[in-house]
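S.K.: Once you've had a glance at the structure underneath, I'll fire off some questions.
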Amino acid sequence: MELGQKEKAKLYMSKYTYLKDSINMSLRNDADASMKKIIEEADTEYKQSSKKQWMITGILALIAGLITAILWRKKNKALRKKYEQMMVNLKSEKKDQVEETNEETDLDNTGEESNDDLQAITNKNTISADTEIRILKKLAAFEKSEKYLKKDLTISSLAAQLNTNTKYLSEVIKNNTSQNFNHYINNLRINYIVHKLYNEPKYREYKISYLAEECGFASSQVFVIAFKKINGLTPSYFIQSLKEDKVNILVSEDSLL
306 MELGQKEKAK
316 LYMSKYTYLK
326 DSINMSLRND
336 ADASMKKIIE
346 EADTEYKQSS
356 KKQWMITGIL
366 ALIAGLITAI
376 LWRKKNKALR
386 KKYEQMMVNL
396 KSEKKDQVEE
406 TNEETDLDNT
416 GEESNDDLQA
426 ITNKNTISAD
436 TEIRILKKLA
446 AFEKSEKYLK
456 KDLTISSLAA
466 QLNTNTKYLS
476 EVIKNNTSQN
486 FNHYINNLRI
496 NYIVHKLYNE
506 PKYREYKISY
516 LAEECGFASS
526 QVFVIAFKKI
536 NGLTPSYFIQ
546 SLKEDKVNIL
556 VSEDSLL
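For the sequence shown, our numbering assigns the number 306 to the initial residue and increments by one for each residue that follows.
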């Protein structure tokens with residue numbers, strides 16, 4: 306009897322072990338399936354997220370490109386407008402040169418100004434009208450002489466040349482040009498080189514450093530800054546536009562054949 310019970314116990318233990326192993330196997334299979342599903346879902350979600358990210362990046366890049374193109378076109382249009390205005394001014398100045406020369410001759414031959422003119426000048430200045438007119442005439446002669454191209458020019462040296470003092474000279478320049486001495490000289494220098502570039506195509510082949518030297522600036526950087534401040538565009542842009550438009554380029558007969 307005891308032997309039969311032992312056999313039964315072994316049988317039950319065997320069934321129990323089999324059932325336990327089956328359950329464990331099933332649990333492992335379920336766990337593997339769940340884990341596989343989770344991994345697949347995560348992988349799918351990552352791919353979708355990555356795809357969206359690339360799409361967003363592409364859209365943002367496209368928008369940035371469009372904005373850049375619009376801004377560049379707008380900037381280029383503004384620069385072209387400033388260039389064209391410079392052309393209008395230069396052509397107008399060229400036509401008026403004869404008239405201006407006649408007017409300057411008349412001024413040189415004129416004696417004393419009318420009382421009304423003298424009074425108007427006296428009211429706005431702390432110096433006498435006669436003194437201001439004398440300084441203005443000497444400044445006109447100074448501008449014609451192109452002595453403003455000298456690098457070592459200072460308000461003191463110019464005042465000495467004009468036989469006046471720095472205070473009077475500074476005041477006359479400010480009252481008649483709305484500029485201080487440095488801005489006044491920079492305008493003369495930039496105006497000089499602009500006319501050279503406009504009238505003499507050979508200047509368009511020179512380096513910026515040479516142009517700066519030519520019109521009295523200590524460095525090309527200072528020259529470029531002054532040029533842009535006065536004209537609203539860089540000398541490089543101005544030169545390139547002159548070349549493209551072939552301004553004042555004489556075409557030889559041989560080139561036309």
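Glycine residues also receive a C-beta, built at the ideal position from the N, C-alpha and C atoms.
These numbers were taken from a predicted model, which means no experiment stands behind them.
When the Cα of K452 is compared with those of V393, K386 and F522, which residue comes out closest?
M.R.: F522
S.K.: Would you mind sorting Y489 into buried or exposed? The rule is 16 or more other CB atoms within 10 Å of its CB.
M.R.: buried
S.K.: So which of T362, A446, P540 and H500 has the shortest CA-CA distance to Q466?
M.R.: A446
S.K.: Can you find the residues in the same chain that come closer than 8 angstroms, C-beta to C-beta, to N536, ignoring five residues on each side of it along the sequence?
M.R.: Only K387, M391, I495, V499 and F543 meet the Cβ criterion.
S.K.: Identify the continuous alpha helix (DSSP H) that holds I490 and give its terminal residues.
M.R.: F486 to N504
S.K.: Buried or exposed: which applies to A383, given that a residue is buried once 16 or more other Cβ atoms fall within 10 Å of its Cβ?
M.R.: exposed
S.K.: To which residues of the same chain is K320 closer than 6 angstroms at the C-beta, ignoring the five residues directly before and after it?
M.R.: none
S.K.: Which residue marks the beginning of the alpha helix (DSSP H) containing V527, and which one marks its end?
M.R.: S525 to N536
S.K.: Go ahead and label H547 buried or exposed: buried means 16 or more other beta carbons lie within 10 angstroms of its beta carbon, across all protein chains shown.
M.R.: A small fix is needed here, since residue 547 is Leu in this sequence, not His. By the 10 Å Cβ count, L547 comes out buried.
S.K.: Tell me the DSSP secondary structure of Y511 in three-state form.
M.R.: coil
S.K.: Quick one: what's got a C-beta closer than 7 angstroms to E519's C-beta in the same chain, skipping five residues either side?
M.R.: Hits under 7 angstroms: I498.
S.K.: Should N428 go down as buried or exposed, given a rule of 16 or more other Cβ atoms within 10 Å for buried?
M.R.: Its pLDDT being 48, under 50, N428 is placed unreliably in this model, and the value from its coordinates should be taken loosely. By the 10 Å Cβ count, N428 comes out exposed.
S.K.: Could you please give the first and the last residue of the uninterrupted alpha helix (DSSP H) stretch that includes I478?
M.R.: T471 to T482
S.K.: In whole angstroms, what is the alpha-carbon distance linking I375 and N381?
M.R.: Rounded to whole angstroms, I375 to N381 spans 10 angstroms at the Cα level.
S.K.: What span of residues does the alpha helix (DSSP H) with K443 cover, start to end?
M.R.: A434 to S450
S.K.: Rounded to the nearest angstrom, how far is the Cβ of Y473 from that of I513, given a contact under 8 angstroms?
M.R.: Incorrect: roughly 36 angstroms between the Cβ atoms, too far for contact.
S.K.: Suppose you measure from the CA of M318 to the CA of E346; what does that come to, to the nearest Å?
M.R.: Just so you know, the alpha carbons of M318 and E346 end up roughly 41 angstroms apart.
S.K.: State the Cα-Cα distance for the pair T362 and S525, rounded to the nearest angstrom.
M.R.: 42 angstroms
S.K.: Under three-state DSSP, which class holds I554?
M.R.: coil
S.K.: Looking at N491: is its Cβ nearer than 8 angstroms to the Cβ of A531?
M.R.: yes
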